[in-house]
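Student: Residue numbers (the numbering used here), protein chains in the order written: chain B, 5 to 118; chain X, 103 to 219.
Every residue, glycine too, gets a C-beta built ideally from N, C-alpha and C.
Below you will find the structure I want to go over with you.
Next comes the structure, spelled out in structure tokens:
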């Protein structure tokens with residue numbers, strides 16, 4: 005069964021500090037891994053998408069890494085801001101016939117305090 | 103910018119009522135999806151559609167049906183709402199991925215928080 009596990013479930017850090025969120029997956033056949041940011045009461049918004057050949061990708065202060073051998077990914081947030089308070093969801097895609105199947109993690113709830 | 107809109111942000115319905123949730127996208131995407139999101143469970147796929155009048159069951163289709171009469175519009179129908187269908191419902195769309203790339207990003211709507219009492 006395809007699974008995506010995220011840790012920690014929740015995290016509280018001071019504004020300006022860095023943090024790293026983790027994602028472990030067992031999804032086959034692997035196609036790509038995505039990180040989404042979801043503000044409270046809103047739909048998820050894509051931060052990065054990585055295929056198996058990419059081991060790092062940045063989007064501003066967000067940097068995602070992927071180790072396809074160990075089936076692990078991380079999302080590093082640099083110099084956090086209050087607006088980074090949100091849930092961060094790791095999503096792994098498996099290739100199917102003519103389409104893809106997404107498996108969603110349950111998310112890490114990040115709170116930035118001033 | 104891709105825009106996915108949902109007809110209501112908040113909805114309160116009574117048990118047994120028929121409920122319609124509407125989703126519209128403006129980017130000519132072939133694929134459209136309905137998910138529900140519950141605490142601790144992540145997003146779960148209810149139904150998806152890869153073309154007008156076409157639909158496929160997702161992981162949790164029981165108690166739901168869908169309709170896609172036009173390419174830009176995908177409706178989720180709860181034939182007889184029950185309290186266990188209280189949830190956040192998210193619509194998404196993307197281009198079909200049987201082209202030169204293996205993936206296309208999914209764009210989500212803002213969600214509809216449905217409460218069934």
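Can you have a look at residue 118/B and say buried or exposed, based on whether 16 or more other CB atoms are within 10 angstroms of its CB?
Tutor: Counting Cβ neighbours within 10 Å, residue 118/B comes out exposed, since fewer than 16 surround it.
Student: Which residues of the segment 122 to 134 of chain X have a Cβ closer than 9 Å to any Cβ of chain B? Give them in chain order.
Tutor: Of all residues in the segment 122 to 134 of chain X, 133 have a Cβ within less than 9 Å of some Cβ in chain B.
Student: Between 127/X, 107/X, 122/X, which lies nearest to residue 197/X when the distance is taken from Cα to Cα?
Tutor: Of the candidates 127/X, 107/X, 122/X, the one whose C-alpha sits nearest the C-alpha of residue 197/X is 127/X.
Student: Going along chain B, which residues have a C-beta under 7 Å from residue 212/X?
Tutor: By Cβ distance, chain B contributes 46, 47.
Student: In chain X, which residues lie less than 7 Å from residue 50/B when you measure between Cβ atoms?
Tutor: What residue 50/B touches in chain X: 207.
Student: Could you check how far apart the C-beta atoms of residue 112/B and residue 14/B are, in whole angstroms? I think they sit under 8 Å.
Tutor: Sure, about 7 Å apart at Cβ, within 8 Å.
Student: Under the assumption that residue 192/X contacts residue 45/B (Cβ atoms under 8 Å), give the Cβ distance between them as a whole number of angstroms.
Tutor: With 8 Å as the limit, residue 192/X and residue 45/B do not qualify as a contact, their Cβ atoms being about 11 Å apart.
Student: Does any residue of chain B bring its CB to less than 9 Å from the CB of residue 194/X?
Tutor: So yes, residue 194/X belongs to the interface.
Student: What residues in the segment 141 to 157 of chain X have a beta carbon less than 9 Å from any beta carbon of chain B?
Tutor: Those would be 141, 142, 143, 144, 145, 146, 147, 150, 152, in chain order.
Student: If you draw a straight line from the alpha carbon of residue 158/X to that of residue 25/B, how long is it in whole angstroms?
Tutor: Distance between the alpha carbons of residue 158/X and residue 25/B is about 33 Å.
Student: Nearest-angstrom Cα distance between residue 138/X and residue 82/B?
Tutor: If you take the alpha carbons of residue 138/X and residue 82/B, they lie about 31 Å apart.
Student: Given this structure, state the Cα-to-Cα distance separating residue 23/B from residue 41/B, to the nearest angstrom.
Tutor: Near 15 Å, if we compare the C-alpha coordinates of residue 41/B and residue 23/B.
Student: Can you list the residues of chain X that residue 108/B reaches, using a CB-CB cut of under 7 Å?
Tutor: The contacting residues are 144, 145.
Student: Which value, in whole angstroms, describes the spacing of the CA atoms of residue 210/X and residue 73/B?
Tutor: About 30 Å.
Student: In chain X, what lies closer than 7 Å to residue 64/B by C-beta?
Tutor: Per Cβ cutoff of 7 Å: no residues; residue 64/B is ~17 Å from chain X at best.
Student: The beta strand (DSSP E) spanning residue 171/X covers which residue range?
Tutor: Its beta strand (DSSP E) spans residues 166 to 172.
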